[in-house]
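Position in the sequence shown counted from 1, then plus 7, gives you this note's numbering.
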Amino acid sequence: MVKVSVYTVPQLDDFSADKIESAVLELLGALHEEREAVHSEAEWKALRDRWLARKNGLLTQVNDTWLKAAPKEAKRDVGLRVNELKVKVENVVEAARWASLDWLKPPNDMKFLFAVSGVRLRDHATARLESERLDITLPGVKRPIGVKHPVLRVQDEIVAVFKAMGYSVGEGPEVETDYYNFESLNFPPNHPARDTQDTLFIAGQESKLARDRLLLRTHTSPVQIRTMEKQPPPVRIVIPGKVHRNDPLDATHSPVFHQVEGLAVDTNITFCDLKGTLDDAMKALFGSSVKTRFYPSFFPFTEPSADMQVSCIFCGGKGCRKCKFSGWIELLGCGMVDPNVFEFVKHNGYDSSKISGFAFGMGVERITLLKYEVEEIQLFYEGDVRFLEQFA
Ligand SMILES: [Zn+2]
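Next comes the structure, spelled out in structure tokens:
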């Protein structure tokens, strides 16, 4: 039970600010004293009823004795004080409730232990409240949000350039069959690219036919065949993705890297379309002053094939260390789709006497190295935040 307090709400004969203040302080002092004496839910309920009961609770008495009796000119100020007081009293009574709840108390066997060890039960409850206290005003733990990796950012930029020209995006598996990765792209059976020196094969497939053996794709070109199998001409796709080669890691090579390839097939597609498309794309990527030029090259799946160079983006073609003083930088491989490739998808409308197409492919890391003037390709894969946060 709450010990009987001597406190009663006094009548006021003076409603000056000072008198009200001291009456309020006296009341709060009494409240705190009574609150300290609460150790159980039953005692808390008695406290609550004594202070907050609508009928004859001490707060109701304050209302009747102080506010209603206040002269007209003092009513406004007394009203404000009484309202503040109500909130304070309600808060103190509510806080007393949490300190009194039975479930915060230790069970009976622990009471015995505490009695033996001399620890007061009240201390234990307080300790538990203290240990479970949560300060919701503390600032949270800030986690760095991160940014897109520079390689993926450049890959997205390249894809966006071609999307703006009406290309759609194609995707395919990273584990491929020999058929899609080599055979259907016109690689002859003994082409050196199939050598395990160059290609990572999945182990334990000796019993399979060569064309069914699984490998990690060495380029994104298999998606060209997969797309043409599904979709008759015309086709315009770009294929971004991860590819794998059996290369040791050095300054400019990595066993895993990214490519963006493109394929356009339609009636009357010529080498001129290829040149115009790539020239436009390079200007979108590197700026309108960039020039392109094409050199004869060889790829099994294109005929004729070419390497495309861009005028040096560092010196503008004057010659510098980056372009080995040639004024040009080699950037990608391309060519007209070899009619032999169309033979593999002839059943789906790819008759090389009626349609033609071009294809191109570029290494995303290579372009990222150039664009951001990064010296070593490893930096892209080490996950070193000091390096990566420079792109934030
Ligand atoms: Zn240069």
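A virtual CB, placed ideally from N, CA and C, is assigned to each residue, including glycine.
Under the three-state DSSP convention, the category residue i falls into
i      : result
Pro199 : helix
Ala77  : coil
Ser2   : No information on residue 2 is available, as it lies outside the stretch 8 to 399 that the chain covers here.
Ala53  : helix
Phe194 : coil
Phe278 : helix
Val348 : helix
Val182 : strand
Phe293 : helix
Phe387 : helix
Thr309 : strand
Phe394 : helix
Pro113 : Because the pLDDT at Pro113 is just 49, under 50, the model does not fix this residue reliably, and the value given afterwards should be weighed accordingly. DSSP places Pro113 in coil when its eight states are reduced to three.
Glu213 : coil
Gly283 : helix
Leu432 : Because the chain here runs from 8 to 399, residue 432 falls outside it and cannot be looked at.
Met8   : Here Met8 scores only 47 on pLDDT, less than 50, and its place in the model is too uncertain to base an answer on.
Lys353 : helix
8 Å Cβ cutoff met for residue i and residue j
i      : j      : result
Val94  : His39  : no
Met270 : Ala171 : Looking at the sequence shown, residue 270 is not Met but Leu. No, the Cβ-Cβ distance between Leu270 and Ala171 is not below 8 Å.
Leu54  : Glu97  : no
Leu216 : Thr206 : no
Cys341 : Leu281 : yes
Arg233 : Ser175 : no
Ile384 : Leu376 : yes
Arg401 : Trp335 : Summary: the structure shown does not reach residue 401, with the chain confined to residues 8 through 399, and so no result is reported for it.
Pro240 : Gly370 : no
Gly323 : Ser296 : yes
Lys361 : Thr274 : yes
Gln212 : Asn253 : no
Glu181 : Arg218 : no
Gln266 : Gly368 : yes
Arg42  : Ala134 : no
Val245 : Phe387 : no
Val352 : Met235 : yes
Val85  : Phe22  : yes
Ala44  : Tyr14  : no
Ser312 : Lys298 : no
Val230 : Gly177 : yes
Terminal residues of the alpha helix (DSSP H) in which residue i lies
i      : result
Lys249 : Looking at the DSSP string, Lys249 is not in any alpha helix (DSSP H); the run it does join, the beta strand (DSSP E), is Val242 to His251.
Phe169 : Pro157 to Ala171
Thr67  : Leu65 to Val69
Arg150 : That residue, Arg150, is in no alpha helix (DSSP H); it is neither H nor E in DSSP.
Lys26  : Ala24 to Glu43
Gly86  : Lys82 to Ser107
Lys237 : Pro229 to Lys237
Expected contact under 8 Å - CB spacing of residue i and residue j to nearest Å
i      : j      : result
Pro346 : His198 : The Cβ separation is near 18 Å, so there is no contact.
Ala200 : Phe189 : 7 Å
Val31  : Leu87  : Going by Cβ atoms, the distance from Val31 to Leu87 rounds to 11 Å, so no, they are not a contact pair.
Ser228 : Leu285 : Ser228 to Leu285, Cβ: 17 Å. No contact.
Met343 : Glu310 : 6 Å
Glu350 : Gln316 : That belief does not hold up - the Cβ atoms of Glu350 and Gln316 are roughly 31 Å apart, past 8 Å.
Residue interval of the beta strand (DSSP E) (run including residue i)
i      : result
Leu223 : Leu221 to Leu223
Strand pairing of residue i, partner residues [DSSP]
i      : result
Asp314 : Tyr302 and Gly340
Gly370 : Gln266
Gly364 : Val272
Trp335 : Ser318
Phe208 : Leu222
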